[in-house]
Amino acid sequence: MGHSPKLVVFDLDYTLWPFWVDTHVDPPFKKNSDGKVYDRSGTHVKYFEDVPKILQDLHQQGFQLGIASRTSSIEEAKELVKLFKWEKYFNYSEIYPGCKLNHFKKFHEQSGLPYTEMLFFDDEYRNIKDVGSLGVTCIHADNGVSRSVVDEGLAAFAMKKC
15 MGHSPKLVVF DLDYTLWPFW VDTHVDPPFK KNSDGKVYDR SGTHVKYFED
65 VPKILQDLHQ QGFQLGIASR TSSIEEAKEL VKLFKWEKYF NYSEIYPGCK
115 LNHFKKFHEQ SGLPYTEMLF FDDEYRNIKD VGSLGVTCIH ADNGVSRSVV
165 DEGLAAFAMK KC
C-alpha cells in the first residue's frame, strides 16, 4: 500500500461503540468477573465487535492513535475507554463538547503533525465536513467502525497521497 497516516483518530459515540454515552447508558460503570462492563441498571455496555482488535493491530503496526469526542459526559467516556482497556492505545485524547476543529487543532499542536498526515473516522457527517476542511482524510463510519471501514480509510489515505 502507498503512504500511511501518522495519526489515526476515532470518534467514540456510534463510531467505537453503538450508543451516546451521555444519554443511552447509566453510569457508574463496573466491570464484572466475566470481564464485561455494565452500567448502573445492569445493562451490558458493548462496543462494536471489531474495535479491540483494530486498535491493537493499528497500535502494533506503529500508528499513533487519538480520540476526538464532542460528548458532554467527559468523565464517563474516559471511564469506558479505561474499562475497555483501550487507554494504552491512544497517544492523544480530546473529549469535550464543541466543534471537532478544536480537537484537531490540539492534535496538530501536541503531535506537530500536519493535518494531511491524519486519518479520521466519525459517524456524523457534519464532523467529517468540518475536519475535512483542514486537509484531514475523513471516513464517514455511519454504521460504526469495522475492519472493512478501517481498511477503506487506509486505502483512501494511500490513494490521496499518490
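Here our numbering is used: the first residue of the sequence shown is 15, the next is one more, and so on. For glycine and all other residues, C-beta sits at the position ideal for the given N, C-alpha and C. Note that the structure is a prediction, hence the values are computed from the model and not measured.
- Residue range Lys114 to Ser125 is occupied by the alpha helix (DSSP H) that includes Glu123.
- Per DSSP, the continuous alpha helix (DSSP H) segment holding Glu93 begins and ends at Ile88 to Leu97.
- By a beta-carbon distance limit of 8 Å, Pro111 contacts Ser86. Their separation comes to about 5 Å.
- In the DSSP secondary-structure assignment, Glu138 is not bridged to any residue.
- Gly167 sits in a helix when the DSSP states are folded into three classes.
- Just measuring C-alpha positions, the residue of Arg84, Leu79, Lys96 and Gly126 sitting nearest Phe104 is Leu79.
- Separation of Thr130 and Gly56 (C-alpha to C-alpha, rounded to the nearest whole angstrom) is 43 Å.
- The straight-line gap separating the alpha-carbon atoms of Gly158 and Phe24 is approximately 10 Å.
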